[in-house]
Structures are given as C-alpha cells and as structure tokens.
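K.L.:
Chains as they are written, first to last, in our numbering: chain A, 1 to 74; chain B, 101 to 174; chain C, 201 to 274; chain D, 301 to 374; chain E, 401 to 474; chain F, 501 to 574.
Number of protein chains: 6
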Amino acid sequence: MPYVNIRVTNEGVTPAQKLELIEGATDLLSRVLNKDPATTFVIIDEVETDNWGVNRENVTTLRARQAAAKKAKA
Amino acid sequence: MPYVNIRVTNEGVTPAQKLELIEGATDLLSRVLNKDPATTFVIIDEVETDNWGVNRENVTTLRARQAAAKKAKA
Amino acid sequence: MPYVNIRVTNEGVTPAQKLELIEGATDLLSRVLNKDPATTFVIIDEVETDNWGVNRENVTTLRARQAAAKKAKA
Amino acid sequence: MPYVNIRVTNEGVTPAQKLELIEGATDLLSRVLNKDPATTFVIIDEVETDNWGVNRENVTTLRARQAAAKKAKA
Amino acid sequence: MPYVNIRVTNEGVTPAQKLELIEGATDLLSRVLNKDPATTFVIIDEVETDNWGVNRENVTTLRARQAAAKKAKA
Amino acid sequence: MPYVNIRVTNEGVTPAQKLELIEGATDLLSRVLNKDPATTFVIIDEVETDNWGVNRENVTTLRARQAAAKKAKA
Numbered sequence: 001m002p003y004v005n006i007r008v009t010n011e012g013v014t015p016a017q018k019l020e021l022i023e024g025a026t027d028l029l030s031r032v033l034n035k036d037p038a039t040t041f042v043i044i045d046e047v048e049t050d051n052w053g054v055n056r057e058n059v060t061t062l063r064a065r066q067a068a069a070k071k072a073k074a
Numbered sequence: 101m102p103y104v105n106i107r108v109t110n111e112g113v114t115p116a117q118k119l120e121l122i123e124g125a126t127d128l129l130s131r132v133l134n135k136d137p138a139t140t141f142v143i144i145d146e147v148e149t150d151n152w153g154v155n156r157e158n159v160t161t162l163r164a165r166q167a168a169a170k171k172a173k174a
Numbered sequence: 201m202p203y204v205n206i207r208v209t210n211e212g213v214t215p216a217q218k219l220e221l222i223e224g225a226t227d228l229l230s231r232v233l234n235k236d237p238a239t240t241f242v243i244i245d246e247v248e249t250d251n252w253g254v255n256r257e258n259v260t261t262l263r264a265r266q267a268a269a270k271k272a273k274a
Numbered sequence: 301m302p303y304v305n306i307r308v309t310n311e312g313v314t315p316a317q318k319l320e321l322i323e324g325a326t327d328l329l330s331r332v333l334n335k336d337p338a339t340t341f342v343i344i345d346e347v348e349t350d351n352w353g354v355n356r357e358n359v360t361t362l363r364a365r366q367a368a369a370k371k372a373k374a
Numbered sequence: 401m402p403y404v405n406i407r408v409t410n411e412g413v414t415p416a417q418k419l420e421l422i423e424g425a426t427d428l429l430s431r432v433l434n435k436d437p438a439t440t441f442v443i444i445d446e447v448e449t450d451n452w453g454v455n456r457e458n459v460t461t462l463r464a465r466q467a468a469a470k471k472a473k474a
Numbered sequence: 501m502p503y504v505n506i507r508v509t510n511e512g513v514t515p516a517q518k519l520e521l522i523e524g525a526t527d528l529l530s531r532v533l534n535k536d537p538a539t540t541f542v543i544i545d546e547v548e549t550d551n552w553g554v555n556r557e558n559v560t561t562l563r564a565r566q567a568a569a570k571k572a573k574a
C-alpha cells in the first residue's frame, strides 16, 4: 500500500516520462518490499520554477545562470 | 488544529462538491476528536490523470480502458 | 483513488478513534465523489505538541494555558 | 538538508514575494539549526481559494464576506 | 532537485531496504529526467498500521485477516 | 491561513529551537504576505537519518563520513 510522491520542477516533463516514473517507482517498491502494484500510488507534482527554492534562490534564476554559463562557453 | 489534505484526480470536481468535502472533513474531526472547526484546515489537491499512477499505469489509461469496457457492454 | 492525509496533534488518539476517522473519510469520498473505498487511502499523522505551532506558539504552551485557565475558573 | 513546504492560497503572490519566502525560510533554517543553504529546499504551493477550507467554509466565501464587511464600513 | 516522499506501513523495513529505496528512487530520477543525485532528496515515512486505512479498515485488521487466511489454508 | 511544513533530520533539535522555527516561519508569512499568525500553522517533522537520502546515500552514512573527516583533520 505504498504512497510515493515525486515533486519536480515544471520544466516540460512528458507524459511518457511521467509513465516511466510511475512504472519505476512501482517496480522499486515491489522489488524491495514486495508491495502489491495494485495498491501502490505514485503521484507526480510539477512545481513552477519560481516556486522552488534551493541555495536561497529560485530555480528560474538558477536555470538562467546555467544557460548563460553554457552560452559563454560556446 | 487538524490539517486535512485530500488529493483526488482532476476530473471535474465542482465547487459545490469541494465544499461538501470541506464540511464533511471538518465535521468528522469535530465529531470524533472534538476539534474546533475554526482551526481545522482542509486542503484539496486536484492532480492531473497523467500524474497519478496506480497499478503501474496512469489514471488516463485506466479511464480510457474503463470507458472502452463500458462501450463494449452497451 | 483518493489519498487523504489527516494530521493531528499527538494527544491520545485511540485506535477506535483512528478507525472512525478512516471510515468517515472513506465514506465522505464515496458519498461526494463516488470514489471506490478499495482504493481510498487514509493516513493519520500524529504530531508532537512541541512540533505543532499556531499563532506563533507551540501547542504544548497553548494546552498549558488552557489548563491553567480552566483551573482558575474552577 | 531541510525541506520546507509553504502552502498559501492563490491570491496574487508575486515572484518577488516568493523569493522573499525562499530567502527567509532558508535563512531561518541556517540561523536556528545551522543548516547549509545549498541543500535547503523551499517549495511554495499556491492553492485555489475554492480548495482551501477553514472553519467549515472555503476561502472564496470568507474573502467575499470580508470584502462585504469592509464595503459596509466605508 | 527532485523531492521523493515514500510512505509505507511500519512493518519492519530494514536499514538496508531503506537504502535500496533511496538508491532506486535517485537512480530513477537520474535516468528518466537527468536529475542530479546530489540534489535529489528521498524521504521515507513509516506509518503505524493503525494509522493507515484502505478499503475502510486499518492495515492492522487487514494483516490479521491475511494471517488468519494463510493459517486456515495450511 | 498558511500551512508551513518543515522537515529536518532527527538530530537533537531542542524544544527551544523548534519554537524559534515556529516563530520565525510565522513572522515570515506575516511580514511578506500579511498573513494572520492566528491561522498560520507550522508543523515540524523530524525524520530519522536512515530514512533521509541525499546524493544516493542516507544521512547516517553522510554524518559518519563527515565525523571521520573531522577526526582525521584533528
């Protein structure tokens, strides 16, 4: 009866990738703890980059800096 | 001071139904544990069917199969 | 397929009361949204009163003040 | 390694305010528990006012009543 | 920067199994979404069987019935 | 009406520190979004170090390595 909540930033996760996450998390619980897939819930939350902070800044700013660094290198 | 979080798939829950959930959950905590409604929070999260997995598939696929089965019966 | 998470302070909730919460929340989702009880999860989290804050104080302090007020009245 | 989840009603929180919440929560954990900002996550969830209940009503209704009371006073 | 929360019933999960869950969930996010393990959090919550309801009963009762059925078969 | 959930590893957080977190988070929501402290909940979850993973290992292992590195330096 596990409940798995995966929270990621909302940056274009496709339905196919979401399905891979659902399958992978369900299989993980089945393999490690012998949990029944029929009662394993996997819920994916996509969070706007303005709403996710790490290292005292939001991910919007982090991504802009990463993109600028990449461009500077090229 | 309870906090109740209800997560359901995003499949057309109406404002009236949401209010019923809020009233019902608040009354439940009041009746069973004598909790004060003034400090009972009920938060409803509506999750896209692509983002909710059960039995190793997403609810989008589950609903399509259920609809097909219903149609085949008719 | 709902997931209901009920968070309350850890102040002697009995197994019978927990079961009432489970039954009540399951029935609520069944009645309002026609959700199947077989795939309705209800999870109760009991939180220490030191770890729950409201109105800028913890519930331990709140309960002590409420008890003192009650005693003063008697 | 803290994880801070801030849930508020969706009532026009600006990106600048979100950033203040992220900075403030990160600084709080750093100051009180000496946690490293580099591994402090702050996630803000904005919840529709129809989906947030307190005192057995939703925040949509609460806000309408507050606005009417304010208008009556003016 | 994913956050993965795995909630399971508290029924003797070993430290080694917890580590397998942590590794498996981290690898899943890395493989499917190319997320950096250094900022992937996995948090496991173990919930008492009295506090977890499914199908309108708690898991304590469910496990007792499963054990009785198994014994009857033997 | 904010709800703030702070999750940290269970490594000896004192009641006084928890109170500082409660006060700080309440003040933050009051200052930035003008939220009423009377309906601001702050809930602190303390998670065992075996149950918290980051960078594909649990915090128990991380702490042991950090302690060994510190000792080697001394």
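We put the CB at the ideal spot given by N, CA and C, even for glycine.
With 7 angstroms as the C-beta to C-beta threshold (strictly closer), list the residues of the region 22–56 of chain A near chain D in chain order.
P.N.:
Val47, Asp50, Asn51, Trp52, Gly53, Val54, Asn55, Arg56
K.L.:
State whether the region 453–471 of chain E contacts the region 234–243 of chain C, with contact taken as three or more CB pairs (one from each stretch) at a distance under 8 angstroms.
P.N.:
Cβ pair count under 8 angstroms is three or more, so yes.
K.L.:
So for aspartate 227/C, helix, strand or coil by DSSP?
P.N.:
As a first step, residue 227/C is located in the third sequence; it is residue number 27 there, counting from the start. It is helical.
K.L.:
Between asparagine 510/F and chain D, is the shortest Cβ-Cβ distance under 9 angstroms, so that the two count as touching?
P.N.:
Within the sixth sequence, residue 510/F is the residue found at index 10, counting from 1. False, the Cβ-Cβ gap to chain D never drops below 9 angstroms.
K.L.:
Rounded to the nearest angstrom, what separates leucine 333/D and alanine 325/D at their Cα positions?
P.N.:
By 1-based counting over the fourth sequence, the position of residue 333/D is 33. By 1-based counting over the fourth sequence, the position of residue 325/D is 25. Our two residues, leucine 333/D and alanine 325/D, have alpha carbons roughly 12 angstroms apart in a direct line.
K.L.:
Listing by chain order, which chain F residues have their CB less than 8 angstroms from the CB of asparagine 258/C?
P.N.:
The residue you call residue 258/C lines up with position 58 of the third sequence. Chain F residues near asparagine 258/C: Pro515, Lys518, Leu519, Ile522.
K.L.:
Please confirm whether lysine 118/B and aspartate 345/D have their CB atoms less than 9 angstroms apart.
P.N.:
Start at 1 with the first residue of the second sequence, and residue 118/B comes out as number 18. Start at 1 with the first residue of the fourth sequence, and residue 345/D comes out as number 45. The answer is no: Cβ separation not under 9 angstroms.
K.L.:
Let me know if arginine 131/B comes out buried or exposed under the rule of 16 or more other beta-carbons within 10 Å of its beta-carbon.
P.N.:
Numbered from its first residue, the second sequence carries residue 131/B at position 31. That one is exposed.
K.L.:
Would you decide whether proline 302/D is buried or exposed? Buried here means 16 or more other CB atoms lie within 10 Å of its CB.
P.N.:
Here residue 302/D refers to the residue found at position 2 of the fourth sequence. Under this definition proline 302/D is a buried residue.
K.L.:
List the whole-angstrom C-beta distance separating isoleucine 306/D from valine 504/F, where the pair is believed to meet the contact cut-off of C-beta under 8 angstroms.
P.N.:
Within the fourth sequence, the letter at position 6 stands for residue 306/D. Within the sixth sequence, the letter at position 4 stands for residue 504/F. At roughly 5 angstroms, the Cβ-Cβ gap stays under 8 angstroms, so isoleucine 306/D and valine 504/F are in contact.
K.L.:
Any beta-carbon of chain D closer than 9 angstroms to the one on arginine 507/F?
P.N.:
Within the sixth sequence, the letter at position 7 stands for residue 507/F. So yes, arginine 507/F belongs to the interface.
K.L.:
Report the residue from Lys270/C, Glu211/C, Thr261/C whose alpha carbon sits nearest the alpha carbon of isoleucine 522/F.
P.N.:
To locate residue 522/F, count along the sixth sequence from 1; it is residue 22. A check of alpha carbon separations from isoleucine 522/F across Lys270/C, Glu211/C, Thr261/C identifies Thr261/C as the nearest.
K.L.:
Hey, how far is the Cα of aspartate 236/C from the Cα of threonine 209/C?
P.N.:
Against the third sequence, residue 236/C aligns to sequence position 36. Against the third sequence, residue 209/C aligns to sequence position 9. If I take the Cα positions, the gap works out to 29 angstroms.
K.L.:
Which residue marks the beginning of the beta strand (DSSP E) containing threonine 209/C, and which one marks its end?
P.N.:
For the purposes of this step, residue 209/C is taken as the residue at position 9 of the third sequence. Its beta strand (DSSP E) spans residues 203–209.
K.L.:
Note down the Cα distance separating arginine 411/E from glutamine 466/E, rounded to an integer number of angstroms.
P.N.:
What you label residue 411/E is simply residue 11 of the fifth sequence in a count that begins at 1. What you label residue 466/E is simply residue 66 of the fifth sequence in a count that begins at 1. The sequence shown places glutamate at residue 411/E, not arginine. Near 14 angstroms, if we compare the C-alpha coordinates of glutamine 466/E and glutamate 411/E.
K.L.:
Give every residue of the same chain whose Cβ lies closer than 8 angstroms to the Cβ of glutamate 248/C, excluding the five residues on either side of it in the sequence, and list them in chain order.
P.N.:
If you number the third sequence from 1, residue 248/C lands on position 48. Same-chain partners within the cutoff: Thr209, Asn210.
K.L.:
From the DSSP output, in three-state form, read off glutamate 448/E for me.
P.N.:
Within the fifth sequence, numbered from 1, the residue matching residue 448/E stands at position 48. In the structure shown, the three-state DSSP call for glutamate 448/E is coil.
K.L.:
Which residues share a DSSP beta bridge with asparagine 158/B?
P.N.:
Counted from its first residue, the second sequence places residue 158/B at position 58. The partner list for asparagine 158/B (beta bridge, DSSP) reads Gly153/B.
K.L.:
For aspartate 236/C, is the beta carbon positioned less than 8 angstroms from some heavy atom of the ligand HEM?
P.N.:
Among the ligands in the structure shown, none appear at all, so the ligand HEM cannot be discussed.
K.L.:
For valine 432/E, does the three-state DSSP call read helix, strand or coil?
P.N.:
Locating residue 432/E in the fifth sequence gives position 32, where the first residue counts as 1. When secondary structure is reduced to three states using DSSP, valine 432/E falls in the helix class.
K.L.:
Taking the C-alpha atoms as reference points, what is the distance between alanine 268/C and arginine 563/F?
P.N.:
As a position in the third sequence, residue 268/C is number 68, starting the count at 1. As a position in the sixth sequence, residue 563/F is number 63, starting the count at 1. Going from the Cα of alanine 268/C to the Cα of arginine 563/F covers about 43 angstroms.
K.L.:
Can you find the residues in the same chain that come closer than 6 angstroms, C-beta to C-beta, to leucine 529/F, ignoring five residues on each side of it along the sequence?
P.N.:
In the sixth sequence, the residue the question calls residue 529/F occupies position 29. Counting only Cβ-Cβ distances below 6 angstroms, and skipping sequence neighbours, we find Pro502, Lys535, Thr540.
K.L.:
Beta-carbon within less than 6 angstroms of lysine 73/A's beta-carbon, same chain only, minus the 5 sequence neighbours each way: which residues are those?
P.N.:
Along the first sequence, one-based indexing puts residue 73/A at 73. Answer for lysine 73/A: no residue qualifies.
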